[in-house]
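Encoded as structure tokens, the structure appears first; notes follow it.
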Amino acid sequence: MTELPQGKITPANSPWSGEVELQVQFYDIDPMEVVWHGRYIQYFEAARCALLDKIGYNYDEMKESGYMWPIIDLQVRYSNPAT
94 MTELPQGKIT
104 PANSPWSGEV
114 ELQVQFYDID
124 PMEVVWHGRY
134 IQYFEAARCA
144 LLDKIGYNYD
154 EMKESGYMWP
164 IIDLQVRYSN
174 PAT
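Next comes the structure, spelled out in structure tokens:
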């Protein structure tokens, strides 16, 4: 498990922050060249997997432990487009 950073915790040094670089595909963009809102959920899941890998508790390890962290509720506020 990752040690907590010393000092002020920011998104960049938080052990509970995952980062993943994605390439937006042409078929995910609408005529206004904005990513279709439903695709963001898949982006969130990619970041969740990156976070689980970072903390050493990926899906395989989760399954072996007998505990699962299902997403049972999700709310999204789209404040800026990802173009």
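The opening residue of the sequence shown carries number 94 in this note's numbering; numbering runs sequentially from there.
The beta-carbon is built from N, C-alpha and C at its ideal position, and this holds for glycine as well.
Return the Cβ separation of Leu115 and Tyr133 in integer angstroms, given the expectation that the two are a contact with Cβ distance under 8 Å.
Translated into positions along the sequence shown, residue 115 becomes position 22. Translated into positions along the sequence shown, residue 133 becomes position 40. About 11 Å separates the two Cβ atoms, so there is no contact after all.
Whose C-alpha, out of Tyr152, His130, Ser158, is nearest the C-alpha of Val169?
Taking the first residue of the sequence shown as position 1, residue 169 is located at position 76. Selected option, being the one with the closest Cα: His130.
Less than 8 Å between the C-beta atoms of Val113 and Ala139, yes or no?
Within the sequence shown, the letter at position 20 stands for residue 113. Within the sequence shown, the letter at position 46 stands for residue 139. It is a contact, given that the beta carbons lie within the stated cut-off.
If you reduce the DSSP assignment to three classes, tell me which class Ile134 lands in.
As a position in the sequence shown, residue 134 is number 41, starting the count at 1. Residue state, collapsed to three classes: helix.
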